[in-house]
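Numbering-wise, the numbering used here comes out as the position in the sequence shown, counting from 1, plus 1243.
Glycine included, each C-beta is placed from N, C-alpha and C at the ideal position.
Contents: one structure, followed by commentary.
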Amino acid sequence: MSTNALEKALWQIGTNPVETERYRASPQTYAAEFRLDEAERAILAELDVGAMARRETSTLLLMMAFLAVRGPGSMGEYMQSMNRPA
């Protein structure tokens, strides 16, 4: 598990508009740039915040990156994703 790499990717997405756009353009390509295992690349590319939270990724970083990618009106979607069963 590469929690640090996953959190680094989320930090970059959530704090740098250029990185946010790079992620939006190709989530799979973006995820491939980090030292992640296959499952982590998939959940980052899918922006599966619930799965990342279950891997003990910072929920603050998850919310920040999710809202950066999906927009400030997506909080309801974020909460649904967080509460989706494994």
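Beta carbon of residue i nearer than 8 Å to that of residue j
i	j	result
G1293	S1245	no
L1303	L1279	no
V1312	R1265	no
R1297	A1329	yes
Exposure of residue i, with buried meaning 16 or more beta-carbon neighbours within 10 Å
i	result
A1274	buried
T1300	buried
E1281	exposed
CA nearest to the CA of residue i, picked from the options
i	options	result
L1290	E1320, N1259 and N1247	E1320
Pairing CB atoms from the segment 1305-1312 with CB atoms from the segment 1251-1262, are three or more of them under 8 Å? Counting Cβ pairs under 8 Å, three or more are found: they touch.
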